[in-house]
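Asker: From first to last, the protein sequence lines stand for chains F and W. Just so we're on the same page, my numbering is the position in the first sequence counted from 1, plus 14. Just so we're on the same page, my numbering is the position in the second sequence counted from 1, plus 103. Note that the Cβ used here is the ideal one computed from N, Cα and C, for glycine as well. On a predicted model such as this, the values are computed, not experimentally measured, just so you know. Okay, here's the structure, questions in a sec.
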Amino acid sequence: VTDSDKKLVDRLRAGDRAAFDEFFLEYHPKLYRFALRRLQPDIHAAEDAAQSAICAAMRSLHTYRGEAALLTWLCTICRRQMTSSQSASHVQVQEDDPEVQAALEALLTSERDDPVSAVSAGELQNAVLTALDYLPSEYANVLEWKYVQELSVEQIAARIGRSFKATESLLTRARHAFREAFDALNAHESHTTSSI
Amino acid sequence: MRHDEELAMGRTDAAEQSVARLLKFSGERTTPAEDATARAHAAALDAWQSCVKLERLRNRRHVRWRIAAALSAVAIGAIVWASFEMRVPLDRVVAHFVIASHDTKLVASSGVERTLAAGAAVLTRSQLVTAEGGAALNIGDSLSLRVNKHSRVRFDAENQITLLAGMVYVDSGGLSAHSDLRILTPSGEVRHEGTQYQVSVADGATRIQVREGRVRLTGSDKDGVLHITAGEGVDVDGGGHISRHTINGFGPEWEWATALAMPLDIENRPLVEFLAWIARENGWQLRYATFDLEREAQSIRLHGVAKGKNPEDTLQRVALLTGMPMYVDNGILVVGGGRKATVP
């Protein structure tokens, strides 16, 4: 992941316009959701935070070394932006519950420590959405279309312009990726699923 | 369907169902409003374009800094080197002795005379002075410099000598060899292009005789350039007057240089190699009477010692050893044939 992230950043630094569009489409919605989870229900504050974070990231592209995933780096910038806005306007940023925060950090660092033992429905929703955001957009989209919007494989295939078989295969890979991301957030999968 | 396949399918279905339940429970991901996305896009694009401009500027500055740093390093290096050179002039090894007669002297730049032996190094700025005997030196990998009796040679630098008096002979090792040598004379600079030649200096006049290849004489004023080819001799007197003449590449005029040649170690060498060497050293042309004889000479291996009183004597000994008839006629070493055969 970091290798392709580094390549994307290199292309951005080289002035590749296609790379900029690719970057914006992929990461702006994720940053927005990252901010919204902490600033809800203030949608406008989340929009501002995402915008200022993505602009700050653009200005400090040269500091990205590819040592962490690009989203991790962007979220760090976003968190910093929110903290400075908070001190300026006294807006209360809702940080994750310590346990979810720990699980999130575990995901960010790819370590399986501090398993979440009990999560509320809201925390679980956060964990699922966070896991989705750590997937490539293509994976997250097909999962959402299939399981949330309940589109058929044929309909998804038509939407992404692939064959039925290729779409099935893509869905399988997306499910595996989601499972891995979610497990990183909640090491006790069985416990979490049983709590739904 | 087998039982384990059914189990595997069951596990896959369960995994898919749990993913489906999780995703359904969480609902759709929120997406930013279109106008907010458009605003963010415009702002990010602006920030990115400024960043790219800065990046290019930074790269240009880096290049300028690198160039400046490199130039500074070179300048500092040059100053350090120059000050070091001025303080301690370094003498470098430029040649090694192969043969030196007992009365040959090497005077170092300090004025100290050194005793000479085969393998002894010659340093720059030292002067070689021969009396009744000569000396032979190797310069680089392949160049042989031979200094005749009553000569004085100064070693100025790597591949540069000044012939102050007397005569030197140069064998560059052939056309394939790349050892360069400049000989400074009162009449200018002599350089070779793969050759054998000798240069002598006496009373302000310079004589150049070329046995093989080509030599270039560049006048002291650097304007006039003279090319001298094999079989040619040029005399330049003290007034700069030039006279050309034809010469033989063999004969008494060259014998002093041949006498200073390092004897060839013939042990287990093919006869053809020995014949090529002795012909080159004496300025003879080598000719085999028949192709079969040349092939036979390739197959004959030499053993023992082949050193006579003079080249002809050495040749006679080799002819006796190998049973191969050979003779020298007017600068041509003929292998085979009946006339003037050294072996009856």
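Let's see if you can read the secondary structure: which residues bound the alpha helix (DSSP H) around residue 169 (chain F)?
Answerer: As a position in the first sequence, residue 169 (chain F) is number 155, starting the count at 1. 167 to 174 is the extent of the alpha helix (DSSP H) around residue 169 (chain F).
Asker: Our contact map puts residue 241 (chain W) next to residue 205 (chain W) with C-beta atoms below 8 Å; I'd like the distance itself, whole angstroms only.
Answerer: To locate residue 241 (chain W), count along the second sequence from 1; it is residue 138. To locate residue 205 (chain W), count along the second sequence from 1; it is residue 102. With 8 Å as the limit, residue 241 (chain W) and residue 205 (chain W) do not qualify as a contact, their Cβ atoms being about 20 Å apart.
Asker: What did DSSP end up calling residue 229 (chain W) once you bin it into helix, strand or coil?
Answerer: Numbered from 1 along the second sequence, position 126 holds the residue referred to as residue 229 (chain W). DSSP places residue 229 (chain W) in coil when its eight states are reduced to three.
Asker: Can you find the residues in the same chain that come closer than 8 Å, C-beta to C-beta, to residue 220 (chain W), ignoring five residues on each side of it along the sequence?
Answerer: Translated into the one-based positions of the second sequence, residue 220 (chain W) becomes position 117. The answer, listed in chain order, is 200, 203.
Asker: Can you list the residues of chain B that residue 69 (chain F) reaches, using a CB-CB cut of under 7 Å?
Answerer: Absent from the structure is chain B; the protein chains it does hold are F and W.
Asker: How should residue 260 (chain W) be labelled, buried or exposed, when 16 other C-beta atoms within 10 angstroms of its C-beta is the threshold for buried?
Answerer: Working through the second sequence from its first residue, we reach residue 260 (chain W) at position 157. Flag for residue 260 (chain W) reads exposed.
Asker: Take the Cβ of residue 127 (chain F) as the centre, count every other Cβ of all protein chains shown within 10 Å, and call the residue buried at 16 or more, exposed below.
Answerer: Position 113 of the first sequence, counting from 1, holds the residue named residue 127 (chain F). Low per-residue confidence applies at residue 127 (chain F): pLDDT is 35, beneath 50, and the placement is therefore not dependable, though the value from the model is reported in the following sentence. Under this definition residue 127 (chain F) is an exposed residue.
Asker: In whole angstroms, what is the alpha-carbon distance linking residue 333 (chain W) and residue 439 (chain W)?
Answerer: Counting from one through the second sequence, the residue named residue 333 (chain W) turns up at place 230. Counting from one through the second sequence, the residue named residue 439 (chain W) turns up at place 336. Cα-Cα distance, rounded: 27 Å.
Asker: Look up residue 383 (chain W) in the DSSP assignment and say whether it is helix, strand or coil.
Answerer: Mapped onto the second sequence, residue 383 (chain W) falls at position 280. Note: residue 383 (chain W) maps to helix in three-state DSSP.
Asker: Which chain W residues sit within Cβ distance under 9 Å of residue 27 (chain F)?
Answerer: Translated into positions along the first sequence, residue 27 (chain F) becomes position 13. Ordered by position in chain W, the residues that pass the 9 Å Cβ test against residue 27 (chain F) are 154, 155, 158.
Asker: Which residue from W:398, W:273, W:339 puts its Cα closest to that of residue 239 (chain W)?
Answerer: Against the second sequence, residue 239 (chain W) aligns to sequence position 136. When each option's Cα is compared against that of residue 239 (chain W), the closest is W:273.
Asker: Between residue 295 (chain W) and residue 176 (chain W), what straight-line distance do the alpha-carbon atoms span, to the nearest angstrom?
Answerer: On the second sequence, position 192 is the one that residue 295 (chain W) refers to. On the second sequence, position 73 is the one that residue 176 (chain W) refers to. Cα to Cα, the separation comes out at about 38 Å.
Asker: Is the stretch 334 to 343 of chain W in contact with the stretch 386 to 396 of chain W, if contact means three or more CB pairs nearer than 8 Å?
Answerer: no
Asker: Is the beta carbon of residue 155 (chain F) closer than 8 Å to that of residue 51 (chain F)?
Answerer: As a working mapping, residue 51 (chain F) is identified with position 37 in the first sequence. As a working mapping, residue 155 (chain F) is identified with position 141 in the first sequence. Against a cut-off of 8 Å, the Cβ pair of residue 155 (chain F) and residue 51 (chain F) comes out as no contact.
Asker: Report yes if the CB atom of residue 95 (chain F) is closer than 8 Å to the CB atom of residue 70 (chain F), and no otherwise.
Answerer: Residue 95 (chain F) sits at position 81 when you count from the first residue of the first sequence. Residue 70 (chain F) sits at position 56 when you count from the first residue of the first sequence. Against a cut-off of 8 Å, the Cβ pair of residue 70 (chain F) and residue 95 (chain F) comes out as a contact.
Asker: Residue 142 (chain W) touches chain F at which residues, Cβ-Cβ below 7 Å?
Answerer: Here residue 142 (chain W) is taken as the residue at index 39 of the second sequence, counted from 1. Per Cβ cutoff of 7 Å: 65.
Asker: CB-CB under 6 Å to residue 83 (chain W), same chain, minus the five flanking residues each way: which ones, in chain order?
Answerer: In this structure chain W extends from 104 to 447, so residue 83 (chain W) is not present and cannot be described.
Asker: With a threshold of 8 Å between beta carbons, is residue 137 (chain W) in contact with chain F?
Answerer: As a first step, residue 137 (chain W) is located in the second sequence; it is residue number 34 there, counting from the start. False, the Cβ-Cβ gap to chain F never drops below 8 Å.
Asker: Any contact between the stretch 224 to 236 of chain W and the stretch 380 to 395 of chain W? By contact I mean 3 or more CB pairs, one from each, below 8 Å.
Answerer: no
Asker: With a 10 Å radius around its C-beta and 16 neighbouring C-beta atoms as the bar for buried, classify residue 357 (chain W) as buried or exposed.
Answerer: Counted from its first residue, the second sequence places residue 357 (chain W) at position 254. Per the 10 Å Cβ criterion, buried.
Asker: Residue 146 (chain F) and residue 132 (chain W) - do their beta-carbons sit closer together than 8 Å?
Answerer: Taking the second sequence and counting its residues from 1, the one referred to as residue 132 (chain W) is at position 29. Taking the first sequence and counting its residues from 1, the one referred to as residue 146 (chain F) is at position 132. With respect to residue 146 (chain F), residue 132 (chain W) sits close: the two C-beta atoms are nearer than 8 Å.
Asker: Assign residue 127 (chain W) to buried or exposed, taking buried as 16 or more other Cβ atoms, counted over all protein chains shown, within 10 Å of its Cβ.
Answerer: Within the second sequence, numbered from 1, the residue matching residue 127 (chain W) stands at position 24. Result: exposed.
Asker: Measuring CA to CA, which of F:173, F:63, F:144 is closest to residue 139 (chain W)?
Answerer: Counted from its first residue, the second sequence places residue 139 (chain W) at position 36. Nearest C-alpha to residue 139 (chain W): F:63.
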